[in-house]
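Undergrad:
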Amino acid sequence: MKFNLKLIEDLKTIVIDSLPKILGVIAFIVISWILIKLILIVVKRILKFSRIEVINSKINENELFNSVNITIDLNKILLNFLKWFLVLVAIILGADLFNLEKVSIEVGKLINYLPTLFLALLILFVGIYLASYSKNALKKILSSFDVGGAQTISSIAFYICLIVTTIITLNHLGVNTDIITNNLSIILGAALAAFTLALGLGSRDVVQRLLFGFYSRKNLEVGQRIKIGEIEGTIVSIDNICLILHCENQKIIYPIKKIVNKKIEILE
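Per this note's numbering, the sequence shown starts with residue 48, numbered consecutively.
#1: Spell out whether any CB of chain B is found under 8 Å from the CB atom of Leu209.
#2: Report buried or exposed for Gly280, applying the criterion of at least 16 other Cβ atoms within 10 angstroms of its Cβ.
#3: In three-state DSSP terms, what is Leu314?
#4: Excluding five sequence neighbours on each side, which residues of the same chain lie with their C-beta closer than 8 Å to the C-beta of Ala184?
#5: Whole angstroms are fine: how far does the CA of Tyr206 sit from the CA of Ile78?
#6: What is the rounded straight-line gap between the Cα of Leu166 and the Cα of Phe96?
#7: Taking contact to mean at least 3 C-beta pairs separated by less than 8 Å, is the segment 143-151 in contact with the segment 168-185?
#8: Give me the residue from Leu140, Val134, Lys130 and Asn218 with the minimum Cα distance to Gly71.
#9: Would you tell me roughly how many angstroms separate the C-alpha atoms of Cys208 and Gly174, rounded to the nearest one?
#10: Please determine if the segment 268-282 and the segment 290-301 are in contact, where contact requires at least 3 C-beta pairs separated by less than 8 Å.
#11: Rounding to the nearest angstrom, what Cα-Cα distance links Lys156 and Leu121 in this structure?
#12: Quick check on this structure: which residue in Asp286, Ile81 and Glu312 has the alpha carbon closest to the alpha carbon of Pro302?
#13: Could you check whether Leu87 and Leu129 sit closer than 8 Å to each other, using their CB atoms as the reference points?
#14: Given a threshold of 16 other Cβ atoms within 10 Å of its Cβ, counted over all protein chains shown, does Leu189 qualify as buried or as exposed?
#15: Considering only residues of the same chain and omitting the five flanking positions on each side of Lys68, which have a CB-CB separation below 8 Å?
#16: Thinking just about the alpha-carbon of each residue, which of Ala178, Leu235, Ile300 and Glu268 is nearest to the one in Leu314?
#17: Between which two residues does the beta strand (DSSP E) containing Thr216 stretch?
#18: Which stretch, first to last residue, makes up the alpha helix (DSSP H) that contains Lys304?
#19: Can you give me the Cβ contacts of Val150 inside the same chain, cut-off strictly under 6 Å, excluding the 5 residues immediately before and after it?
#20: Which term fits Lys182, buried or exposed, when burial requires 16 or more other beta carbons within 10 angstroms of its beta carbon?
#21: I'd like the list of long-range same chain contacts for Leu217, defined as Cβ closer than 7 Å, with 5 residues on each side in sequence excluded.
#22: Could you tell me the alpha carbon to alpha carbon distance between Ile81 and Val90, rounded to whole angstroms?
#23: Please tell me whether Ala134 and Ile158 are closer than 8 Å, where the distance is taken between their beta carbons.
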């Protein structure tokens, strides 16, 4: 049996010729890994001294995230995004260095898409936060005017903002949302028309209460001693909704709309 020494020599030549390239790849991977670790450590320390924790806590106070038990950690999100971005950059540099042109082109396309993806996520998070903030603010405003259904109206406003934010995010990612947008425009138009009509019909009572409150505060003030009918007392509070009168050992609450037509004597 004869051994093919030429084949062995050829394999030996291939291994020897490839050895520098293999060692170069290993060295490049090790150096890239060390550099990525160092960059992540530096960025982690920078984030530690930044005010990102405040933003993180504000986001996690969001009712939507709390209802589905989701906790957002911006530190981890940013560090993971940076880590994989650096890994992809290292792959491109390695592919260019070792003449892997196709790998470099495909990974380059992925890196070009990352800023779009990151900005879309940012739009989504900011939109959710603003929707929640608007919901709470609208609820407080409507409640202060004693408008019925403040919770329902504010929740509807929240979900409208959430849907609009989602559509903007999808558009930014390049998803065609024309069908959704067209149908949503009709639905929102009908909903807003119904809401405007309901608010217009129901606002008469709100305006009336505002006028009653303005009239009462113009003529009465906290600390005055007054007489309403047969009851004497000192005013301890007055607003658009009610007047609180302290009489001896008790407090009497008068709805504003009940006292504007009554005779009130100012004693002192």
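Each residue gets a CB set at the ideal place from its N, CA and C atoms; glycine is no exception. Just so you know, these numbers come straight off a predicted model, no measurement behind them.
TA: The relevant details are as follows:
#1: Looking at the structure shown, chain B is missing, and only one protein chain is on hand.
#2: Position 233 of the sequence shown, counted from the first residue, corresponds to residue 280. With a threshold of 16 other beta carbon atoms within 10 Å, Gly280 meets it and is buried.
#3: Here the question's residue 314 lines up with position 267 in the sequence shown. Here Leu314 sits in coil by DSSP.
#4: Within the sequence shown, residue 184 is the residue found at index 137, counting from 1. Contacts found: none.
#5: Within the sequence shown, numbered from 1, the residue matching residue 78 stands at position 31. Within the sequence shown, numbered from 1, the residue matching residue 206 stands at position 159. A straight line joining the alpha-carbon of Ile78 with that of Tyr206 spans about 49 Å.
#6: Translated into positions along the sequence shown, residue 166 becomes position 119. Translated into positions along the sequence shown, residue 96 becomes position 49. Taking the straight line from one Cα to the other gives about 24 Å.
#7: No, they do not touch.
#8: Locating residue 71 in the sequence shown gives position 24, counting from the first residue. Here the closest residue by C-alpha is Leu140.
#9: As a working mapping, residue 208 is identified with position 161 in the sequence shown. As a working mapping, residue 174 is identified with position 127 in the sequence shown. Approximately 7 Å, taken between the alpha carbons.
#10: With a cut-off of 8 Å, the segment 290-301 and the segment 268-282 count as touching, because enough Cβ pairs lie within range.
#11: In the sequence shown, residue 156 corresponds to position 109, counting from 1. In the sequence shown, residue 121 corresponds to position 74, counting from 1. Rounded to the nearest angstrom, the two C-alpha atoms are 26 Å apart.
#12: Within the sequence shown, the letter at position 255 stands for residue 302. Relative to the Cα of Pro302, the nearest Cα in the group Asp286, Ile81 and Glu312 belongs to Asp286.
#13: Within the sequence shown, the letter at position 82 stands for residue 129. Within the sequence shown, the letter at position 40 stands for residue 87. Taking 8 Å as the Cβ cut-off, Leu129 and Leu87 qualify as a contacting pair.
#14: Here residue 189 refers to the residue found at position 142 when the sequence shown is read from its first residue. Result: buried.
#15: Stepping through the sequence shown from its first residue, residue 68 is reached at position 21. Answer for Lys68: Phe145, listed in chain order.
#16: The sequence position of residue 314 within the sequence shown is 267, counting from 1. Taking the Cα of Leu314 as reference, the smallest distance to any Cα among Ala178, Leu235, Ile300 and Glu268 is reached at Glu268.
#17: Looking up residue 216 in the sequence shown gives position 169. Not the beta strand (DSSP E): Thr216 falls in the alpha helix (DSSP H), residues Ala197 to His219.
#18: In the sequence shown, counting from the first residue as 1, residue 304 sits at position 257. For Lys304, the uninterrupted alpha helix (DSSP H) run begins and ends at Ile303 to Ile306, by DSSP.
#19: Looking up residue 150 in the sequence shown gives position 103. Cβ-Cβ distances below 6 Å link Val150 to Ala142 in the same chain, with the five nearest sequence neighbours on each side left out; the list follows chain order.
#20: Position 135 of the sequence shown, counted from the first residue, corresponds to residue 182. By the neighbour-count rule (16 or more Cβ atoms within 10 Å), Lys182 is buried.
#21: For this step, residue 217 is matched to residue 170 along the sequence shown. Taking C-beta separations shorter than 7 Å and ignoring five residues to either side along the sequence, the partners of Leu217 in its chain run Thr224, following chain order.
#22: As a first step, residue 81 is located in the sequence shown; it is residue number 34 there, counting from the start. As a first step, residue 90 is located in the sequence shown; it is residue number 43 there, counting from the start. Ile81 and Val90: Cα-Cα distance of roughly 14 Å.
#23: If you number the sequence shown from 1, residue 134 lands on position 87. If you number the sequence shown from 1, residue 158 lands on position 111. Per the sequence shown, the amino acid found at residue 134 is Val instead of Ala. The Cβ atoms of Val134 and Ile158 lie no closer than 8 Å to each other.
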